[in-house]
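Have a look at the structure below before the remarks.
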Amino acid sequence: AELSDYYQNDYNARKIIDIARAIEGMPRHSSIHAAGVVIGQEALTDLLPLQKTADGHIITQFTKETVEDIGLLKMDILGLRTLTVIDRAVEIIFKTRGIKIEIDKLSLDDKAVYDLLSAGDTIGVFQLESDGLRRILSEMKPSCFEDIIAVIALYRPGPLGSGMVEDFISCKHGRQKIEYIHPSLEVILKETYGVILYQEQVMRIASEIASFTMGEADVLRRAMGKKKPQELAAQRDKFVVGAKDNDVEEKISSRLFDLMESFAGYGFNKSHSAAYAMISYQTAYLKAHYAPEFMCAFLTSVIDNQEKVVFYLRECQRLGIKFLPPDINESFENFTVASLGIRFGLGAIKNVGLTAVKGIVSERKTAPFKSLFDFCCRVDLAQINKRVIENLILAGCFDSLKMTRKQCLSIMDECISLGMQIKMSQNSNQLSLFGDTESMIIEPVPKINGEYDSKDLLSMEKEVLGFYVSADPLDEYKNVLPLVTTWQLNELNPAADEAYVRVAGTVINLEKRRSRKGDLYARFLLEDHNASTEMMLFPSAFNKNIDLLQSEQAVIIEGFYDKRDEQPKVSVRKTFPLSFKLNELHIRVTDHWSKENRDKVLSILRQHAGETDVILHLPDKRIIVLNDEFSVEPDIKLKNKLGLILGKHNIWFN
1 AELSDYYQND
11 YNARKIIDIA
21 RAIEGMPRHS
31 SIHAAGVVIG
41 QEALTDLLPL
51 QKTADGHIIT
61 QFTKETVEDI
71 GLLKMDILGL
81 RTLTVIDRAV
91 EIIFKTRGIK
101 IEIDKLSLDD
111 KAVYDLLSAG
121 DTIGVFQLES
131 DGLRRILSEM
141 KPSCFEDIIA
151 VIALYRPGPL
161 GSGMVEDFIS
171 CKHGRQKIEY
181 IHPSLEVILK
191 ETYGVILYQE
201 QVMRIASEIA
211 SFTMGEADVL
221 RRAMGKKKPQ
231 ELAAQRDKFV
241 VGAKDNDVEE
251 KISSRLFDLM
261 ESFAGYGFNK
271 SHSAAYAMIS
281 YQTAYLKAHY
291 APEFMCAFLT
301 SVIDNQEKVV
311 FYLRECQRLG
321 IKFLPPDINE
331 SFENFTVASL
341 GIRFGLGAIK
351 NVGLTAVKGI
361 VSERKTAPFK
371 SLFDFCCRVD
381 LAQINKRVIE
391 NLILAGCFDS
401 LKMTRKQCLS
411 IMDECISLGM
421 QIKMSQNSNQ
431 LSLFGDTESM
441 IIEPVPKING
451 EYDSKDLLSM
461 EKEVLGFYVS
471 ADPLDEYKNV
481 LPLVTTWQLN
491 ELNPAADEAY
501 VRVAGTVINL
511 EKRRSRKGDL
521 YARFLLEDHN
531 ASTEMMLFPS
541 AFNKNIDLLQ
551 SEQAVIIEGF
561 YDKRDEQPKV
571 SVRKTFPLSF
581 KLNELHIRVT
591 DHWSKENRDK
601 VLSILRQHAG
611 ETDVILHLPD
621 KRIIVLNDEF
631 SVEPDIKLKN
641 KLGLILGKHN
651 IWFN
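Here it is in structure tokens:
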């Protein structure tokens, strides 16, 4: 009533309400599908209204639903970076090995590919990289191309939440009996082990059981997807009648329709999944047979994203592929395959842009650079400024020129200054009374000897490359790490939910935050030679641990590993500094603690007598310190012997 009074008595209110009525229900704004293209048999101007965007693109004024309703074809045309990776990898393989790969003619039964997929070794493999998918692959053990198509279709919220994935895997491996509620379903559902997974299967069932035409089956598919009650009721009646004409009992056809309807909500286009699966197979093939070339191509594709470069370099490490530091005379813009491994691209160095890289590569075609001074005299210092040169030095680009990074930095400013003088002289075309400027300038000689210590060098590399190249902060502890940890970071994926773990690594990307209650907490990555894992330091453990958690600091972390989220993480409970002195051997007693095993453990302890205390963690949470008779000398052989009896993840040193 109040609004009505406003409308009747206030001119401005009436004007606003009238305008609102006119635009009510209209689109608020036009948005553009990133890859949607509308196709018609005749000029689109004769079929629907078009408009131009501010940047000159022509788009429809109809929504996607209306476009489909008037009979036009709507297609999504996706540009995939992976296709470039594949092309580049094939080129590199031909260049380095002389082997021409016909990527579109690969055999689809390559054992190495299915071994790689079954191991979940799919970092870099199209569509199959996530932790969740790698877990499913390792459980499913794909054995044919149809399995790859299926896993891509299965890895979506609907199937994951419905138990469909578990049924599929159990049926594939014979742990669950495959049942068909009608014999004619076997030929349709055999490839998916009795599970209705694809929209095409729904259409085939309608055709086989109820004699739907493919057009009618497509209408049924869409009706099931939209879940409109009236439309579904009409389709059910039609399906039951058609099935009855084919001698299928109404009880069976009605049950089958219910089954189709429930699965149709999760149904995926097989054609869509198959297209993706082909690219997945091709990338898996390249990784399985030509890992250095494939990873080189992949690194180049993410060269402008330092975080991703680091991620894929770590995968190279895990695969045993060596990577070589950037070199001013050997590196190009992109990563390259060398005889010893993958060479860093200059484009991966922080703040070294494409223009600078092109200038360096172009100039060295004349002759290799002989020294930092020679470099500064020859390149365009307007393009390659002091910041670029400093980062090239910090990255180790001049290491091969027989001068340390410390020495290079000590003469850098002088080299740049003299280089600019020579350039100015060359550009002015003037001759000195006593000869040309170049012959008068003497190359600077470092007044210092030696190099920065390894910790500083690694810090420099981390700053400009995002990665340690010449060494790793954990290298000095490599003999200690196996003794003080129960897991390596790259082993954590198979760990049980809520498993208590003890891991070691370097702290990176430490971020302190406040919760809504105002409590401090932190998150960071723990990184070792082969992997990195997210760590959460919740408020309850913050004050006890934060002082030991400094960026680039090597530490031991104890906590609960939880892989239930898409991004698994460790909830930190305790933090210890890495040290060479080992004071305690800890043994977690498990169900394997029989009298026989207890006697074996005590015998092994006596064989490795020393001065390190032995501490037992009992299942009932009690902790027992054994007397000095069982003290030991820390040794990896001791840890391994005990691990064979009680499990390697239950033995560690402090």
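Its first residue numbered 1, the sequence shown is counted upward by one per residue in the numbering used here. We put the CB at the ideal spot given by N, CA and C, even for glycine. Remember, predicted model here, so these are calculated numbers, not experimental data.
Item                                                                                                                                                                   : Value
By a C-beta neighbour count over all protein chains shown, 10 Å radius and 16 as the cutoff for buried, is E315 buried or exposed?                                     : buried
Quick one: what's got a C-beta closer than 7 Å to G435's C-beta in the same chain, skipping five residues either side?                                                 : The predicted model places G435 with a pLDDT of 49, which falls under 50 and marks its position as unreliable; any figure quoted below should be read in that light. Closer than 7 Å at the Cβ level, and outside the excluded window around G435, lies no residue.
Output yes or no for whether 9 Å exceeds the beta carbon distance between H182 and V240.                                                                               : no
Taking 9 Å as the cut-off, decide whether the C-beta atoms of A522 and L537 are in contact.                                                                            : yes
Buried or exposed for S331, going by 16 or more other Cβ atoms inside 10 Å?                                                                                            : buried
Here's the rule I'm using: 16 or more other beta-carbon atoms within 10 Å means buried, otherwise exposed. How should H608 be labelled?                                : buried
Looking only at C-alpha atoms, which of L585, R598, E596 and F323 sits nearest to L465?                                                                                : F323
Assign E633 to one of two classes, buried (16 or more other C-beta atoms within 10 Å of its C-beta) or exposed (fewer than that).                                      : exposed
When the Cα of I93 is compared with those of L78, P292 and I651, which residue comes out closest?                                                                      : P292
Using 8 Å as the cut-off, classify the Cβ of E463 as near or not near the heavy atoms of the ligand HEM, replying yes or no.                                           : As far as ligands go, the structure on display features none, and thus does not contain the ligand HEM.
How about R221 and G267: do their beta carbons lie closer than 9 Å?                                                                                                    : yes
Enumerate in chain order the residues of its own chain whose CB-to-CB distance from K100 is below 6 Å, with the five nearest sequence positions on each side excluded. : F94
Could you please give me the residues that DSSP links to A54 through a beta bridge?                                                                                    : None, per the DSSP bridge assignment.
Mind the definition here: the segment 28-38 touches the segment 73-84 only if three or more C-beta pairs lie below 8 Å; say whether that holds.                        : yes
Decide if the segment 303-315 is in contact with the segment 356-374; the criterion is three or more beta carbon pairs, one per stretch, under 8 Å apart.              : no
What separation, rounded to the nearest whole angstrom, lies between the Cα atoms of K365 and L372?                                                                    : 17 Å
When you compare each of R175, L3, E91 and L644 to A297 by their alpha carbons, which one comes out closest?                                                           : E91
So, are the CB atoms of V625 and I587 less than 9 Å apart?                                                                                                             : no
Roughly how far, in whole angstroms, is the beta-carbon of G505 from the beta-carbon of E527, given that I think they are within contact range, below 8 Å?             : 5 Å
Check each candidate in L47, L585, L548 and I546 and name the one with the smallest Cα separation from E611.                                                           : L585
Where in the segment 540-601 do unbroken runs of the beta strand (DSSP E), each at least 3 residues long, occur, reported from the N-terminal end onward?              : 554-562, 569-577 and 584-588
Could you work out which residue in L392, S254 and E629 is closest to K706 when comparing CA atoms only?                                                               : Residue 706 is absent from the structure shown; the chain starts at 1 and stops at 654.
Per DSSP, what are the beta-bridge partners of E534 in this structure?                                                                                                 : L525 and K569
If we call anything under 9 Å between Cβ atoms a contact, is D327 one with S400?                                                                                       : yes
Just to check my reading of the structure: I651 and K639 have Cβ atoms closer than 8 Å, yes? What is that Cβ distance to the nearest angstrom?                         : 5 Å
From L286 to H29, what does the alpha carbon distance come to, in whole angstroms?                                                                                     : 45 Å
Is it right to say G124 is buried, meaning 16 or more other beta carbons lie within 10 angstroms of its own, or is it exposed?                                         : buried
In three-state DSSP terms, what is L73?                                                                                                                                : strand
What is the DSSP secondary structure of R88, reduced to helix, strand or coil?                                                                                         : helix
In whole angstroms, give me the CA-to-CA distance for L108 and D599.                                                                                                   : 53 Å
Below 7 Å CB to CB, which residues in the same chain sit around V379 once its five sequence neighbours on both sides are set aside?                                    : G359, I360 and E363
Beta-carbon within less than 6 Å of T283's beta-carbon, same chain only, minus the 5 sequence neighbours each way: which residues are those?                           : V125 and F126
Beta strand (DSSP E) containing T612: first to last residue?                                                                                                           : A609 to H617
On the DSSP letters alone, give me the boundaries of the alpha helix (DSSP H) that I188 sits inside.                                                                   : E186 to L189
What are the complete alpha helix (DSSP H) segments, minimum 4 residues, inside the segment 124-202?                                                                   : 131-140, 145-154, 157-162, 164-172 and 186-189
If you measure between the beta carbons of S551 and V484, is that distance less than 9 Å?                                                                              : no
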